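Counted from 1, the sequence shown has number 93 at position 93 by the UniProt record's numbering; the numbering is strictly sequential.
Where is the CB? At the ideal position from N, CA and C, for every residue including glycine.
In this text the structure is predicted, and so the values were computed from the model without any measurement.
Worksheet: one structure, shown below.
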Amino acid sequence: MAKKKFAKDSVTIMTEMVLPNDTNTLNNLMGGRLMHWMDIVAAIAAQKHSNRIVVTASADSISFKQPINLGNVVTLKAQVTRAFNSSMEVFIEVTAEDIPASKKIMTHRAFFTFVAVDQNGRPIEIPEVVPESEEEKELFDGALRRRQLRLVLAKRMKPEDAKELKSIFNLEGPAT
Ligand SMILES: CC(C)(COP(=O)(O)OP(=O)(O)OC[C@H]1O[C@@H](n2cnc3c(N)ncnc32)[C@H](O)[C@@H]1OP(=O)(O)O)[C@@H](O)C(=O)NCCC(=O)NCCS
């Protein structure tokens, strides 16, 4: 198995049209349907990176600022930002397009975490991510702090061990 893979090799793009069965009573896309699509596109990106079966471990807070309307075309782009041991962070960007009106808006950004597992569901090691573009490098650098924050919130890491996270809040105390 490759020890390192380029971030761009995991890019996955999925396009859906919002149909009546996808909407709430205001004719807007239901949040749960969008999260389902996000989970799928992100899982495919994680599979491309790891060449393994993957399971969703967490989805960071998703806010719904803007409704997506019936008939809009929704494009979801996912890419692995960084891999750790068995887990990898996936960045998802969502845009909604009203094609007849020639309007396109960026509606959501989210980070999901997937874990690569073997046939028995046990976590298994995955290749490192090699970021190339400026955006990929920025996402790669931030991934460590985001991982620490989600592991602290999930009570899987002690706050005092989240060194990189603490450094952005300047919580180490004044230098002596
Ligand atoms: C995700 C899962 C495989 C982790 O198993 P585990 O026995 O806790 O394994 P570990 O403690 O060794 O953790 C494995 C990795 O998962 C990561 N992880 C576990 N819980 C996490 C969470 N809440 N958020 C982010 N990462 C998490 C760990 O940090 C670790 O990452 P690393 O290997 O890169 O260091 C296991 O909890 C599971 O199978 N969950 C159900 C997954 C599922 O069914 N998803 C669909 C939801 S319906």
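P127 and K48 do not touch by the CB rule: their CB atoms are close to 11 angstroms apart, not below 8 angstroms. Beta-carbon to beta-carbon, F114 and M88 are separated by about 6 angstroms, close enough to satisfy the 8 angstroms threshold. Residue nearest to Q119 within the set K5, N51, V90, R156 is N51 (criterion: CA-CA distance). Closer than 7 angstroms to some heavy atom of ligand 1: that does not describe the Cβ of P127. Distance from the CA of R33 to the CA of S58, rounded to the nearest whole angstrom, comes to 17 angstroms. V94 sits away from A7, with the two beta carbons spaced by 8 angstroms or more. Secondary structure at N85: coil, using DSSP grouped into helix, strand and coil. Per the C-alpha coordinates, the member of R147, A101, E136, I168 positioned closest to N85 is R147. Each residue's CA atom was taken as its position, placing I40 and S167 some 34 angstroms apart.
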